[in-house]
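When we follow the working numbering, the leftmost residue of the sequence shown carries the number 18, and every step to the right adds one.
We put the CB at the ideal spot given by N, CA and C, even for glycine.
Presented below is the structure to which this report refers.
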Amino acid sequence: QRCDQSAGGLEGKRTLLHFSESDGTMNSPEDERRFSFVVEWLDPNAGLAFRYQLMYWAADCSIEMYDIKNRRVFLKKVKVPSVTMQDLHMGATVTVYSRQLKVVEYGDSFTEATFQQTRQYVFVLVKPAALHHLGKVVNAAIKSGFTVAKSKMAQLSPAEASSLYSGRGGDVTALVAEVSSGPSVGLALVAEGAVDKFADLLGDAHTPDTIAAHFGDICVASAADADVADELGYFNLPSVSKLADTTLCLVKPSAMEHLGLVLDGITNAGFAITGLQSFHLDRPNASEFYEVYKGVVPEFNSMVDEITSGPFVAVEVAGNPDMGSAVEAFREVVGPLDPEIARVLRPESLRAKFGFDKVRNAVHCTDLPEDGALETHYFFKILQEA
Numbered sequence: 018q019r020c021d022q023s024a025g026g027l028e029g030k031r032t033l034l035h036f037s038e039s040d041g042t043m044n045s046p047e048d049e050r051r052f053s054f055v056v057e058w059l060d061p062n063a064g065l066a067f068r069y070q071l072m073y074w075a076a077d078c079s080i081e082m083y084d085i086k087n088r089r090v091f092l093k094k095v096k097v098p099s100v101t102m103q104d105l106h107m108g109a110t111v112t113v114y115s116r117q118l119k120v121v122e123y124g125d126s127f128t129e130a131t132f133q134q135t136r137q138y139v140f141v142l143v144k145p146a147a148l149h150h151l152g153k154v155v156n157a158a159i160k161s162g163f164t165v166a167k168s169k170m171a172q173l174s175p176a177e178a179s180s181l182y183s184g185r186g187g188d189v190t191a192l193v194a195e196v197s198s199g200p201s202v203g204l205a206l207v208a209e210g211a212v213d214k215f216a217d218l219l220g221d222a223h224t225p226d227t228i229a230a231h232f233g234d235i236c237v238a239s240a241a242d243a244d245v246a247d248e249l250g251y252f253n254l255p256s257v258s259k260l261a262d263t264t265l266c267l268v269k270p271s272a273m274e275h276l277g278l279v280l281d282g283i284t285n286a287g288f289a290i291t292g293l294q295s296f297h298l299d300r301p302n303a304s305e306f307y308e309v310y311k312g313v314v315p316e317f318n319s320m321v322d323e324i325t326s327g328p329f330v331a332v333e334v335a336g337n338p339d340m341g342s343a344v345e346a347f348r349e350v351v352g353p354l355d356p357e358i359a360r361v362l363r364p365e366s367l368r369a370k371f372g373f374d375k376v377r378n379a380v381h382c383t384d385l386p387e388d389g390a391l392e393t394h395y396f397f398k399i400l401q402e403a
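Printed below as a string of structure tokens:
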């Protein structure tokens, strides 16, 4: 999304830590007003956490940072187009000059009031029997203005499902049995008035142009704002995956707006999604994962920059016996590394449709059959235990 379209009509006011009224904040034009956040950066070498005040100008995506402990400017005002309003919500991680900063507090009362109103969560569970429609649910949400803050495939036990939905009132026996019948996918979506907004999008079988009208009763969403916090506990469940005879697909940060369409492309090609989870890698982990490319491809550092620039989704993909190797079959669906070449040789491939260049090429996929287990284990086992 373009930076000048990301403000959404919201403007910030003065910050409280070190700026005074004399700096022009109170009387500045609307397009120069700012939001304020407290962010935390974990130094990977020292293992220490440092806190900064981050000021954000929505009109041009400018950022300025202030070292809270040492009471001095850490980063002078500079444009960071990769950070938009949609990226800033409590618990989010944003990348500024290779530093991954976690939003831990609001920096002033105006920012808090504004973002509590405009950055609300809704939890959506795509039912086990409807996972082939997962991409359509995600795409409908994104097109309707939601941001996918978290996603995960997990298995609810009957007791966990009962605990999750017992507060809804009435008999939830059928719902509990349905959502605990196999792996499901949980989505944490963010938008203004998220619960009501998704309820309108979900609709019912008799409401035209809604998810239910097109696909039936395929997901269940938070019924009220008060339910969301407990339902987000879904993301504490262990991730589900096969870890055998599968391949890995990473939907890169630059392609997250196409997440639903990529998932649709996977299932429409005859593959099954057997594991899925949102991640935000730090540089050491990203460098470790891409280590095989170090010294081999000139884009190595840019690849690390891209995958650490924001949240992305790891997908474990399984084929069927007729496909042979899942790795080789899925690589054909993904297409050549360079999207420009892909658009000529394989115009229907994922990289041809959604890629920009050799680094921002929409998705990573496992290259060699012997690496399928290694790459899926990295995300769905090693990082789970870290």
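Helix, strand or coil: which one does DSSP assign to Arg68?
It is a strand residue.
On the criterion of 16 or more Cβ atoms from any shown chain inside 10 Å, does Val321 qualify as buried, or is it exposed?
A buried status is given to Val321, since no fewer than 16 other beta-carbon atoms sit within 10 Å of its beta-carbon.
Decide if Asp217 is buried, meaning its Cβ has at least 16 other Cβ atoms within 10 Å, or exposed.
So Asp217 ends up on the exposed side.
Report the CB separation of Gly327 from Pro270 in whole angstroms; it is logged as a contact under 8 angstroms.
Indeed they touch by this definition, with Cβ atoms about 4 angstroms apart.
Of the listed residues Thr224, Leu118 and Val380, nearest to Ile324 (C-alpha basis):
Nearest C-alpha to Ile324: Val380.
Counting only beta-carbon separations shorter than 8 angstroms, does Gly372 have a partner in chain D?
Any reference to chain D falls outside this structure, which holds one protein chain only.
CB Ile235 to CB Lys144, shorter than 8 angstroms?
In this structure, Ile235 lies near Lys144, with their beta-carbon atoms less than 8 angstroms apart.
Closer than 6 angstroms by C-beta to Ala303: which residues in its own chain qualify, once you throw out the five before and the five after it? Chain order, please.
Within the same chain, Val321, Ile324 and Thr325 come within 6 angstroms of Ala303 by CB-CB distance, once the 5 residues on both sides are set aside.
Check each candidate in Val165, Ala194 and Ala230 and name the one with the smallest Cα separation from Ala205.
Of Val165, Ala194 and Ala230, the residue nearest in Cα terms is Val165.
CB contact flag (Lys153, Phe215, <8 angstroms)
Cβ atoms of Lys153 and Phe215: not closer than 8 angstroms.
Residue from Glu349, Ser319, Val330 and Tyr123 whose Cα sits closest to the Cα of Ser256
Of the candidates Glu349, Ser319, Val330 and Tyr123, the residue whose Cα lies closest to the Cα of Ser256 is Val330.
For my contact list, Ile290 and Val334 are in at a C-beta cut-off of 8 angstroms; report their separation, rounded to the angstrom.
With 8 angstroms as the limit, Ile290 and Val334 qualify as a contact, their Cβ atoms being about 7 angstroms apart.
Whole angstroms is fine: what's the gap from Ser198's alpha carbon to Ser180's?
Cα-Cα distance, rounded: 15 angstroms.
Go to Tyr83, then tell me how far its beta strand (DSSP E) extends in each direction, as first and last residue.
Residues Ser79 to Asp84.
When the Cβ atoms of the stretch 277-289 are set against those of the stretch 90-102, are three or more pairs found closer than 8 angstroms?
Taking a cut-off of 8 angstroms on C-beta distances, the stretch 277-289 does not touch the stretch 90-102, as fewer than three cross pairs fall below it.
Near Ser342, what residues of its chain come up, given a Cβ to Cβ distance below 6 angstroms and the 5 sequence neighbours on each side ignored?
Excluding the 5 residues flanking it on each side, Ser342 has same chain C-beta neighbours closer than 6 angstroms at Pro386, in chain order.
Please confirm whether Ala159 and Val113 have their CB atoms less than 8 angstroms apart.
Per the sequence shown, the amino acid found at residue 159 is Ile instead of Ala. Between Ile159 and Val113, the CB-CB gap reaches or exceeds 8 angstroms.
Which runs of the beta strand (DSSP E) at least 3 residues long sit entirely within the stretch 151-181? Give them in chain order.
Taking 3 residues as the minimum length, the beta strand (DSSP E) runs contained wholly in the stretch 151-181 are 164-171, in order along the chain.
Am I right that Leu105 and Val97 are in contact with their C-beta atoms under 8 angstroms? What's the rounded C-beta distance?
Approximately 11 angstroms separates the beta-carbon atoms of Leu105 and Val97; this is outside 8 angstroms, ruling out the contact.
When the distance is taken between beta carbons, is Gly282 closer than 8 angstroms to Val350?
Yes, Cβ-Cβ distance for Val350 and Gly282 is below 8 angstroms.
Given this structure, state the Cα-to-Cα distance separating Ala222 from Asp374, to the nearest angstrom.
The C-alpha of Asp374 is placed about 41 angstroms away from the C-alpha of Ala222.
Does Thr190 pass the burial test, meaning 16 or more other C-beta atoms within 10 Å, or should it be called exposed?
Per the 10 Å Cβ criterion, exposed.
Round the Cβ separation of Val139 and Val212 to the nearest angstrom and send it over; I've been treating them as touching at under 8 angstroms.
Right, their Cβ atoms sit about 5 angstroms apart.
What residues in its chain sit with their C-beta under 6 angstroms from that of Asn44, if we drop five residues either side in the sequence?
Note that Asn44 scores 41 on pLDDT, short of 50, meaning its location in the model is unreliable; the coordinates nonetheless yield the value given after this. Excluding sequence neighbours, Asn44 sits near nothing in its chain.
Counting only the same chain and skipping the five closest in sequence on each side, list residues whose C-beta sits under 7 angstroms from that of Arg185.
Close CB contacts of Arg185 within its chain, under the 7 angstroms cut and outside five residues either way in sequence, are with Ala240 (chain order).
What are the start and end residues of the alpha helix (DSSP H) that includes Thr393?
Taken as a continuous stretch (DSSP letters only), the alpha helix (DSSP H) holding Thr393 covers Gly389 to His394.
On the criterion of 16 or more Cβ atoms from any shown chain inside 10 Å, does Leu265 qualify as buried, or is it exposed?
Classified as buried, Leu265 has 16 or more neighbouring CB atoms from the shown chains inside 10 Å of its CB.
How long is the line joining the alpha carbons of Pro175 and Ala194, rounded to whole angstroms?
Going by the C-alpha atoms only, they are around 7 angstroms apart.
Euclidean distance between Cα positions of Glu345 and Gly287:
Using only the alpha carbons, I get a separation of about 14 angstroms.
How long is the line joining the alpha carbons of Pro301 and Asp384, rounded to whole angstroms?
Cα-Cα distance, rounded: 21 angstroms.
Alpha carbon to alpha carbon, how far is Thr393 from Leu354?
One Cα belongs to Thr393, the other to Leu354, and the distance between them is close to 20 angstroms.
How big is the Cα-Cα spacing for Glu402 and Lys119?
CA-to-CA, the gap between Glu402 and Lys119 works out to about 21 angstroms.
Rounding to the nearest angstrom, what Cα-Cα distance links Arg360 and Val155 in this structure?
Spanning the two alpha carbons is a distance of roughly 25 angstroms.
Should Asn318 go down as buried or exposed, given a rule of 16 or more other Cβ atoms within 10 Å for buried?
Result: exposed.
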